[in-house]
Amino acid sequence: MDNRLAASATDIKEQFYQQGFAILPKIYSAATCDEICDHLTDITPAGPGSRRLLVFDWCRKLAKSLKAHPLISQLLGPTPVINQCTYFEKSPDQNWLVALHQDVSIAVQPNPAATQLGISKKEGLSFVQPPVEILKQLVVLRVHLDDCTLNNGPLKVVPGSHLQGRLSDPMIATLKDHSGEVICCVPKGGVLTMRPLLLHASSKMLLPHHRRVLHFLCGPHQLANGLVWHETL
């Protein structure tokens, strides 16, 4: 790693830990994004997205390249795994918004520990809300396959909110008023890295474009409290 990249890596790591997110603008080429979009034409999600993309070889290859990238690997911990990839697509036909929230569920294998927490089923996967100590170790990697601008429903985040643990609705409103929101515009081929506990939301698109995102969830190889990932890569 040359000195310029090392300095950049230090800045990214510091921002990620303090603010809960960082934007890496040039991870994949436009040609690679277009190739991925060609694969996605075979997927017809019911609603705004699909959670089962790791069944595809091309997606598994992409996941491995994400883990190996020097700017990303420094954020993932010593023995990271990717356990899920979700495809989100905003389009003129699927134009949706999401209120400010945290991501607090993970896909696990059904076992007594998961049952004790309470299992919910989505697309055939078993989801639980694990202890906050587990959630604090997780990292999201959002690969943007289109330019994400102010006009096509970018993510809005409340910087530093991931440091407050799991939040109640009144605490969410208070943190938003105190810290404000940052709009995350990400160019095609860029990656938005974030903590799942970071408060985030997105609005509807204002223009009839596409906003296609692959959302990878990463975490430690072994989970605490008897939980086992649904899948690891």
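When the count follows our numbering, it moves up by one through the sequence shown with no breaks and lands on 234 for the last residue.
For each residue, glycine too, the CB sits at the ideal point set by N, CA and C.
Bear in mind that the values here come from a model prediction, so they are computed numbers and not experimental data.
Go ahead and label residue 203 buried or exposed: buried means 16 or more other beta carbons lie within 10 angstroms of its beta carbon, across all protein chains shown. buried
By how many angstroms is the C-alpha of residue 154 removed from the C-alpha of residue 98? Taking C-alpha positions only, residue 98 is separated from residue 154 by approximately 8 Å.
Drop a sphere of 10 angstroms on the beta-carbon of residue 151, count the other beta-carbons inside from all chains shown, and report buried for 16 or more, exposed for fewer. exposed
Within the same chain, show all residues whose beta-carbon is closer than 7 Å to that of residue 114, passing over the 5 residues directly before and after it, in chain order. Cβ neighbours of residue 114 beyond the five flanking positions: 226, 227, 228.
Taking the C-alpha atoms as reference points, what is the distance between residue 167 and residue 83? 22 Å
Please name the residue, chosen from 116, 105, 221, 142, that lies closest to residue 66 on a Cα-to-Cα basis. 142
Taking only runs that begin and end inside the segment 112 to 141, name each unbroken alpha helix (DSSP H) of 4 or more residues, in chain order. 113 to 118, 133 to 136
Look at the alpha carbon of residue 17 and the alpha carbon of residue 64, and state the distance between them as a whole number of angstroms. Residue 17 and residue 64 have their alpha carbons spaced roughly 20 Å apart.
Considering Cα atoms alone, identify which of 69, 213, 234 is closest to residue 37. 213
Sequence-distant residues of its chain with Cβ nearer than 7 Å to residue 173 (five each side left out): Counting only Cβ-Cβ distances below 7 Å, and skipping sequence neighbours, we find 101, 200.
Using the rule of at least 16 other Cβ atoms within 10 Å of the residue's Cβ for burial, across every protein chain shown, is residue 31 buried or exposed? exposed
Buried or exposed for residue 190, please, with buried defined as at least 16 other CB atoms from any protein chain shown within 10 angstroms of its CB. Residue 190 should be labelled buried.
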